[in-house]
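Chains A and B are the protein sequences, given in the same order. Going left to right, the first sequence walks through residues 1 to 783 as UniProt numbering numbers them. Going left to right, the second sequence walks through residues 1 to 783 as UniProt numbering numbers them. The beta-carbon is built from N, C-alpha and C at its ideal position, and this holds for glycine as well. Bear in mind that the values here come from a model prediction, so they are computed numbers and not experimental data.
Number of protein chains: 2
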Amino acid sequence: MEDFNKLEQTQVAAEANIQTQRQDEQEHDPESNTLHEPLLKVNRTLSSNQLAIVGGKVSHIESLDYEINENDLFKQDWRSRSKVQVLQYIFLKWLLAFLVGLLTGLIATLINLAVENIAGYKLLVVAKYIEQKRYLAGFVYLAGANFLLTLVASVLCVCFAPTAAGPGIPEIKAYLNGIDTPNMFGAPELIVKIFGSIGAVSAGLDLGKEGPLVHIGCCVAALLGQGGPDKYRIKWRWLRYFNNDRDRRDLITCGSSSGVCAAFRSPVGGVLFALEEVATWWRSALLWRTFFSTAVVVVVLRAFMEFCKSGNCGLFGKGGLIMFDVSGVSVSYHAVDIIPVVVIGVIGGVLGSLYNHFLHKILKVYNVINQKGKLHKLLLSLSVSIFTSICIFGLPFLAKCKPCDKSLLEASCPTTGREGNFRQFNCPNGQYNDLATLLLTTNDNAVRHIFSINTPTEFHILSLSIYFALYCVLALVTFGIAVPSGLFLPIILMGSAYGRILGIAMGSYTKLDQGLYAVLGAAALMAGSMRMTVSLCVIFLELTNNLLLLPITMLVLLIAKTVGDCFNPSIYDTILELKGLPFLDAHPEPWMRNITVGELADAKSAVVTIEGIEKVGRIVDVLRNTTHNGFPVVDAGVVPPNELHGLVLRAHLILALKKKWFLRERRRTKAEEVREIFTSADLAERGGKIEDVIVSDDEMEMFVDLYPLINTTPYSVIESMSVAKAMVLFREVGLRHMLILPKYQASGVAPVVGILTRQDLIAHNILCAFPQLEKSNASKKGR
Amino acid sequence: MEDFNKLEQTQVAAEANIQTQRQDEQEHDPESNTLHEPLLKVNRTLSSNQLAIVGGKVSHIESLDYEINENDLFKQDWRSRSKVQVLQYIFLKWLLAFLVGLLTGLIATLINLAVENIAGYKLLVVAKYIEQKRYLAGFVYLAGANFLLTLVASVLCVCFAPTAAGPGIPEIKAYLNGIDTPNMFGAPELIVKIFGSIGAVSAGLDLGKEGPLVHIGCCVAALLGQGGPDKYRIKWRWLRYFNNDRDRRDLITCGSSSGVCAAFRSPVGGVLFALEEVATWWRSALLWRTFFSTAVVVVVLRAFMEFCKSGNCGLFGKGGLIMFDVSGVSVSYHAVDIIPVVVIGVIGGVLGSLYNHFLHKILKVYNVINQKGKLHKLLLSLSVSIFTSICIFGLPFLAKCKPCDKSLLEASCPTTGREGNFRQFNCPNGQYNDLATLLLTTNDNAVRHIFSINTPTEFHILSLSIYFALYCVLALVTFGIAVPSGLFLPIILMGSAYGRILGIAMGSYTKLDQGLYAVLGAAALMAGSMRMTVSLCVIFLELTNNLLLLPITMLVLLIAKTVGDCFNPSIYDTILELKGLPFLDAHPEPWMRNITVGELADAKSAVVTIEGIEKVGRIVDVLRNTTHNGFPVVDAGVVPPNELHGLVLRAHLILALKKKWFLRERRRTKAEEVREIFTSADLAERGGKIEDVIVSDDEMEMFVDLYPLINTTPYSVIESMSVAKAMVLFREVGLRHMLILPKYQASGVAPVVGILTRQDLIAHNILCAFPQLEKSNASKKGR
């Protein structure tokens, strides 16, 4: 016995010795002394603001969780999955991809049909009034029709689905990055987006259906994945495999590429768009699946076009799968053409970043207006509609009439109907008004006119300048109003106009066709504003069906993007930032190597831990007083070191409370007991709210065995890891919570130093807490 | 004092109590009891075989390390990097991407020029002999020329760079996955690949220059990135930023896409090929950079074509940027055409997987032959060359002569020169031999002939069948010989022949052109063998310049890939497996969820740890007796728990020995001391061999302070994590070593349970060690 005592004494003495030795080390650690000190004084705590602007109002956002949750119940579920179930899963995965493509294709056709017919008949009537020289009546009719259509779109948006306003692409991008914004992918959003988009585009507003179609594709995917609208979900057993964030993410990626494909009839472009701009995580299996979806979309679109060719679809039907065909032109370019190409690219980059800059300012103003209430939103949309109507009807009067080219057939110039390149408008017979050709038509047709090749004299530079100026203004004022609106088309319109102006200005310097200038201008402005390269290149390739353009398109895109990147971030990043969505960049900032996760964790409030077998009262308490979504489970042993068991999710705690999974005494439960109460399907559901849980005072004194619910293997890092390195893990693996462990698990040290979430890793938030880092903030362009 | 003693006693007692309690828990843990037991009995240890077949012989391979190494010296280096240096890095990154594109473009032009001229003049002479009916002389000349050209290619390959044989794409794919095979990206490989490829393609062998061009692009990238060949490296200061595995990986990705682009003149296809097939890690910043490289390649190619159009390049010069232009045909397809399209796809998938199957068998045989020595390799190549010559000269005699179509000009049929669709060969005037048209020409021209549109009667089904059968045999026997050889062209040749046969067989059922059948057949066979989708689609789009084909091409590709996937893995995966390269798949197998990393670690030999301040003798000992590349640093404290300080790399240990960084006593060193001895550039170098290090007996007794060299924050996981989950981390973050920590760091437990490397996570290796898992091995198709 004495021997034993002695041993203990030496042990304790040795421990104490080590303890002091460690302190010694910390003081004399060469690294921490010379390098750390100047940088890291915490000014204020790291705030974890979980709010963002969604659909014009401030909402609570949540992070998604792509980590494999290894708790007993899920483990049991995987192990019991038979081969048949795996096959069911695979079958369903492909079936859903097919359905997403099919439905997106059908909806896109519906929208096209509706828009072409509504806008077409509207313009036909207006053209008739003009033919009779009843200009005022024509204007009243046009403005009235546009007003009504805008009203419908806007009322739908404002009253039923505020999140359906705008393009939706930034929110989708955020979703695929791991940020769940509320009410984005529901049934009301889908319906409002469809009909709102039809209304807004038919109303002649300066917006496209491209962005909305992407959102529609994602809504379709999300609804299919969960088996229907929130309230009327089909509880098909097979669907339960898809009730997790990972599979939902993949489906929505399919949806977004189907949407782009449907918008531009560009299957490869759609896949690449999803890959380059929208998706954060990608793997080649997904490439294949999205490609399948877009293939289905294309087949659907083609089938309808085939069907409509015979005149079954009213005014819809012209134009094949390629929207703005410029394949007729024989492109030949030489070394001298490099100069105009570079000029187009540079100007495109500058204009694109200017557009981003001003749009940012205007969106800020609009945000203030929109937050004042529904009526303000409506009034804003309607005033933009009236302004647009006045401009598109009034401005053509400023343009000079041009005599028709004699070489053309009499029937084709001047044209009086709905379509045609040479609109008569207010001109005498034998002459045409080139501005009216561009303005009094649908936006798609305007693009077709302005892309038209072998028409060097068709448009006067003055008309094009008026057109360009008008659409710059319209593109800025229209985007933020409360209707579904895409960004692609306004930018294409602006870009093609400036390209054509440049083409005329270049005069006889090059032999490039003016239509090509327009195409290149559009591409340049897109790259200058959206900062995409490969996907834009393919989309333009598929839009214009001219492969010979590829090399110069590539150059223009690269130059425009490079120039634009010198000034400001891309339009989508700007919007993401404006909305306060915590988007996690792929590339950590260089200065993130100079700060450790431990220091970040210190700047946060202390981590809240739970015991493995915990009192109900404490759980309720913790859930009510915190907003955290994950809690480390630590057993405070009688002696240190404490033990970390893992992480338990808020949703699972609430579930345990709801199911009244309470024990009278502190004990571990049997696996069978637990499995009777919780199914893995239950666990996969998003949890309810703690406010809905009612626990009696008696129950408060009881216990919950959390062990079966604990994710026993959360990804964790050591406190001395730099933020840059930890961020690689966080982003690549797609985490929601990252546990920070102490460097040395000595006695008396808490087994968890902290938990980092997405918000804590956002550069802006870190810089707010550690302003000293800003000094060493090397340029962000080091991608 | 007594109180203190008492406290200790209670503490110790409590500790013992917890200890037993834990054992108790383990026994009664509901999960481990019911679920684990039946699965996990270790049969034999997990072997970590670091060998693979590279260039026909068994070589030692290494893993690459993409982890950010956070040791004191590197940290100091980053912190001291100024803004100027960051800009230098960015500038150099783009400069290198530009140079990669430029050089790859130039080399591709050189190869094209050489091949067209050598093969062209060879065929001209043969054609002259045939015109004079001197068939034997013609044959001797042809066979002799082919023999010599093959000899050159083969001797170069066998003697100077064995790794230059074959396409090189599997090795590149492995490299980008994190496996470094020796002698893949050096200067000898580059040179041999260029001239070997010229020789082999001119020799009329059934192989392409596409694969070799990809390898050439990668070699160029690797050489530029390291500043020249191994022995004559430029020690430019700027280049030191690129001396890490991550930047090298990005550069080589650029190189591979430039190579594809140069091979097919397909810039977007090149980017997508790199993305879909070759690269493992990808981010959109890299997308942009590879796109830039391919843009440069296209500009270089175009410039040369412009230059050659005026006849400056001998026989080279015809054909623009699009290789097999079929844009002239007006594609119209209807619902009935779906059947032939499906048939093409299904047959393509079946044929593709059959091809993979047989190629696998033949490569196994060839491996045996090739390993016998250089002479055997040479003889094999030369016999294939002779066999090819016999076939392409002899078989046309079997074909019937066909009378020329009267509607054609007299000059164009029959043709006697080097090119032309209607070769006279042995036929009387006014007739032509369709098989000679296909065989006695370069492979590129053969594809052009067989893709030709509006020529439904040009080829007889018998000739096509002979052609198809011949090229099936040739494609199988040619691939494994010791010359640089690509897989694309043989597959395109086979596929287009079978497509055209199918077109003829379909007869009047559809109105699809036979040229289109050939294109679709080629696409189907490619997808059936290589299992790519989006990139093939774009490559075919860019090859044939016909966007209207897109929807059916997509369908054919999807069907062929799906059918092929039912039978066997893709051709590249087959080759990877055959070579024994431990390729890490994106998707963990389902059964990997049923085994923990701790169990894997148990199946390995015990982990070798080092102390923070270690005796030189022990380090030398450890390095000599193990092959591990990383060692955990653990200080065995006087009492447990031991402390884990991090991971030290073998290369850094060797460096410390080489630099004689020895201390007389056990002490921590000052940061300044260390920095004088090791620069971060030293650390970035790949270490030498332990055999080269000479340490005297005196020195053996001294100490090394390893602290400044330790990566203090290695990524680590807990032993209870499933292999599937750990693999996500390993693959997404790109690790070389993954530390496994014990679940509970109690006293007496080692702080590191084990280290897992790439080899340990390969499904095959795990199944060998745990055969029981095989039973639960659900199908692999759950991607």
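- From the beta-carbon of Met-554/A, the residues of chain B found nearer than 9 Å are Pro-267, Val-268, Phe-291, Phe-292, Thr-294, Ala-295, Val-298, Val-299.
- In this structure, Ala-295/B sits near Leu-558/A, with a CB-CB distance shorter than 8 Å.
- For Pro-551/B, the enclosing alpha helix (DSSP H) stretches over residues 550-567.
- The beta carbon of Ile-539/A sits no closer than 8 Å to any beta carbon of chain B.
- For the segment 576-594 of chain A, the set of residues with a beta-carbon nearer than 8 Å to any beta-carbon of chain B comprises Ala-586, His-587, Pro-590, Arg-593, Asn-594, in chain order.
- Within the segment 579-617 of chain B, the complete beta strand (DSSP E) segments of 3 residues or longer fall at 613-615, listed in chain order.
- Sorting Glu-277/B, Ala-285/B, Val-214/B by C-alpha distance to the C-alpha of Gly-255/B places Val-214/B at the top.
- For Ala-522/B, no chain A residue has a Cβ inside 9 Å of its Cβ, as the nearest lies near 18 Å away.
- For Ile-694/B, the secondary structure class from DSSP, reduced to helix, strand or coil, is coil.
- Minimum Cα-Cα distance from Leu-359/B among the listed residues Ala-651/B, Val-620/B, Gly-480/B, Arg-667/B corresponds to Gly-480/B.
- The shortest C-alpha to C-alpha distance from Met-727/B to any of Glu-67/A, Gly-225/A, Val-58/A is the one to Glu-67/A.
- Between the alpha carbons of Leu-99/B and Ile-90/B lies a distance of about 14 Å.
- In the DSSP assignment, His-764/A falls within the unbroken alpha helix (DSSP H) covering 763-769.
- The beta carbons of Ala-274/A and Glu-210/A sit no closer together than 8 Å.
- Close to Ala-724/B, with beta-carbon spacing below 8 Å, are these residues of chain A in chain order: Ile-68.
- The closest CA to that of Glu-732/B, considering only Arg-758/B, Ala-750/B, Ser-720/B, Arg-81/B, is found on Arg-758/B.
- For Asp-245/A, there is no enclosing beta strand (DSSP E); the enclosing alpha helix (DSSP H) covers residues 245-264.
- Proximity of Leu-558/A to chain B, defined by a Cβ-Cβ separation below 8 Å, is satisfied.
- For a Cβ distance threshold of 8 Å, residue set Ile-68, Val-733 of chain B lies close to Val-728/A, ordered along the chain.
- Residues of chain A with a Cβ closer than 9 Å to the Cβ of Thr-388/B do not exist; the shortest Cβ-Cβ separation is about 34 Å.
- Where Phe-147/A is concerned, the enclosing alpha helix (DSSP H) starts and stops at 135-155.
- Interface flag for Arg-283/B against chain A is set, since a Cβ pair is found closer than 8 Å.
- Relative to the Cα of Ser-353/A, the nearest Cα in the group Met-526/A, Thr-510/A, Gly-144/A, Ala-724/A belongs to Met-526/A.
- Counting only unbroken stretches of 4 or more residues, the alpha helix (DSSP H) elements lying wholly within the segment 659-734 of chain A are 671-677, 680-684, 697-700, 723-733, in sequence order.
- Going by C-alpha positions, Gly-734/A is about 14 Å away from Val-717/A.
- Identification of chain B residues near Tyr-355/A by a Cβ-Cβ cut-off of 8 Å yields none; the smallest Cβ-Cβ distance measures about 20 Å.
- Under the Cβ distance rule, Arg-249/A does not count among the residues neighbouring chain B, no pair being separated by less than 8 Å.
- Check the Cα spacing between Ile-492/A and each of Thr-163/A, Gly-208/A, Val-152/A: the tightest is with Gly-208/A.
- When the alpha-carbon of Leu-92/B is set against those of Phe-139/B, Ile-690/B, Glu-691/B, Gly-225/B, the nearest one is in Gly-225/B.
- In the structure shown, Val-268/B adopts helical secondary structure according to DSSP, grouped into three states.
- Chain A places a beta carbon closer than 8 Å to that of Thr-713/B, counting this residue as a contact.
- Here Val-341/A really is in contact with Leu-520/A; their C-beta atoms are around 7 Å apart, less than 8 Å.
- Excluding five sequence positions before and after Met-721/B, the CB atoms of its chain that fall closer than 7 Å to its own CB belong to Thr-596, Val-597, given in chain order.
- Among the residues of the segment 598-626 of chain B, none has a Cβ less than 8 Å away from any Cβ of chain A.
- Shown here for Tyr-366/B: same chain residues with a beta carbon closer than 8 Å to its own, the five before and five after excluded, namely Leu-380, Gly-480, Ile-481 in chain order.
- In this structure, Ile-613/A sits near Asp-705/A, with a CB-CB distance shorter than 8 Å.
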